[in-house]
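As given, the protein sequences belong to chains X and A, one line each in that order.
So in our numbering, spot 2 of the first sequence is number 2, and the numbers just go up one at a time.
So in our numbering, spot 150 of the second sequence is number 271, and the numbers just go up one at a time.
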Amino acid sequence: MRNMRQGFTLIELLITIVLATSGLMVLVHLMGVAIFADSDLEYSLISLNLANEKLEELKDSDYSTIASVTESSISGFPWIDDRIVTVSEVDTDLKDVQVEVRWTQQGGRQSVNVHTYIANY
Amino acid sequence: MTNGGFSLIETLIVLLLLAILLAVSGSLFVVSLRAWDSGCIRTGVREDVSYAMEKTVRDLKEMALGSLNQYDPGSGDIAHTIQYDDLSGNTYVLYLYNADDATLDSTYGENLYDLRKADIDEGDTPATGDGVLILRDLVSPDAASPATALTVGDTQITLDVAVQRGDETVRTRTKVRPRNL
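This is the structure in C-alpha cells:
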C-alpha cells in the first residue's frame, strides 16, 4: 500500500482532522464549563443577599408575626424559584428561623440557606 | 494510485470536510469567546458588589441609636442617600455621585453613579464627591428597571443595587435592620 514516494493517505488525513477537531471541541467545552461555574457564583451571591433580606425583614417585624411562609417568586429576580421561611419555636420566646432561596440552573435545583434564632425581648 | 499523492477528488473531499468542521468549531469558538468576555466582566462586577454589600451592611448594622436618616445639606432630604453615626459618634453619608451631575439632589440624570461614603467629621463634602469609593457603575435611580435604590425606612434600610458595566447588568438586593434601633 505504501511506498516512499507517497504522502498521507486519505484515511490518515481524516483521522488527523477528527483528532484535531475533538481537541478543539474539548477546549470550547472547557470554556463553557468555566463560564457556567462563574454564573453559578453570581446567582449564589444574589440569592444570599435575598435570603439575608428576608432575615432582616423578620428581625424588624413583631415577634408574634414571625411564621413559616413561602414566596413563590421575588419581584425583579425572575430566575428565583421561591424563598422559603421555616420557623419553629424551640423555646419560650425563642424562634429558630431558616430562610432558603432556591433557583434552577443547568437543569439542577440550587439553593442557599441562612439560619438564625430570634428572641422575643 | 499506490505511488500517487491524493487524487483531485480526494483532496476536494478533504477540503470540504475540513471547511465544514472549521466553520462549526469556529462559530462555536466565537460564541464562547463572547460568553467568556461577558463572564469576565460579570466576575469583576460580582466581586465589587460582594465587597460593597458586605461592607455597607456591616457599617449600617453597627450604627448608633437613632442616627439613621437621609442626607440633608440644608435644602431638604436627598433621595437615595443614607446618613448615620457610628458608635463613636462620627457621622457618615452614603451617596451616589457622578461628576457630570452638577448638583447633588434627588434627581439623577446621568446613566451611572458611584456609591461613595463621606466621613462628615473629616470634612468630606458629598456635593464635591469626597469620601471613599464603595462601588462604581451603579445604574441611575431614575433609570428604567433595574435601577439602583437606596431606601431609608424607620427601622430598615433597603439596598437595591444594579451595576452596569459594558453590556452586562448585575442586580442584587438586601435589607438591613440596624441592631441598635
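Glycine is no exception: its CB is placed at the ideal position from the N, C-alpha and C atoms.
Is DSSP giving residue 70 of chain X helix, strand or coil here? Three-state DSSP puts residue 70 of chain X in a strand.
What is the rounded straight-line gap between the Cα of residue 158 of chain A and the Cα of residue 230 of chain A? Residue 158 of chain A and residue 230 of chain A: Cα-Cα distance of roughly 29 Å.
In terms of residue numbering, what span does the alpha helix (DSSP H) encompassing residue 63 of chain X cover? Premise fails: residue 63 of chain X is in no alpha helix (DSSP H) and is neither H nor E.
How many Å lie between residue 7 of chain X and residue 44 of chain X at the Cα? Near 56 Å, if we compare the C-alpha coordinates of residue 44 of chain X and residue 7 of chain X.
Output needed in chain order: residues of the stretch 55-80 of chain X with a Cβ under 8 Å from some Cβ in chain A. Cβ contacts with chain A: 56, 57, 59, 60, 76, 77.
Per DSSP, what kind of secondary structure is residue 91 of chain X in: helix, strand or coil? DSSP places residue 91 of chain X within a strand segment (E or B) once states are collapsed to three.
Beta-carbon proximity of residue 289 of chain A to residue 163 of chain A, cut-off 7 Å: Taking 7 Å as the Cβ cut-off, residue 289 of chain A and residue 163 of chain A qualify as a contacting pair.
Please name the residues in the stretch 140-157 of chain A whose beta-carbon is closer than 7 Å to at least one beta-carbon of chain X, in chain order. Of all residues in the stretch 140-157 of chain A, 142, 146, 149, 150, 153, 156, 157 have a Cβ within less than 7 Å of some Cβ in chain X.
Output the distance between the C-alpha atoms of residue 84 of chain X and residue 72 of chain X, rounded to the nearest integer angstrom. For residue 84 of chain X and residue 72 of chain X, the gap between their C-alpha atoms comes out near 8 Å.
Counting Cβ pairs closer than 8 Å, one from the stretch 83-101 of chain X and one from the stretch 61-69 of chain X, do we hit at least three? The answer is yes - the stretch 61-69 of chain X touches the stretch 83-101 of chain X, with three or more Cβ pairs under 8 Å.
Of the residues A/126, A/212, A/131, A/205, which one's Cα is nearest the Cα of residue 299 of chain A? Residue A/205 is the option with its Cα nearest to residue 299 of chain A.
Does the beta carbon of residue 176 of chain A come closer than 7 Å to any beta carbon on chain X? Output row for residue 176 of chain A: interface = no.
Closer than 8 Å at the beta carbon, the chain A residues around residue 100 of chain X: Near residue 100 of chain X there are no residues of chain A at all, since even the closest Cβ is about 16 Å away, more than 8 Å.
C-beta neighbour in chain X for residue 131 of chain A, strict 7 Å: Judged by the 7 Å Cβ criterion, residue 131 of chain A is in contact with chain X.
Using a C-beta to C-beta distance shorter than 8 Å, which residues of chain X count as neighbours of residue 297 of chain A? The answer, in chain order, is 56.
Classify residue 281 of chain A as helix, strand or coil using the three-state DSSP reduction. Residue state, collapsed to three classes: strand.
Rounded distance between the beta-carbons of residue 236 of chain A and residue 217 of chain A, thought under 8 Å: Taking the Cβ atoms as the reference, residue 217 of chain A lies roughly 6 Å from residue 236 of chain A, within the contact range of under 8 Å.
Contact criterion: CB-CB distance below 7 Å. Does residue 126 of chain A meet it with respect to chain X? Yes, because at least one Cβ of chain X sits closer than 7 Å to the Cβ of residue 126 of chain A.
For residue 133 of chain A, three-class secondary structure by DSSP: In the structure shown, the three-state DSSP call for residue 133 of chain A is helix.
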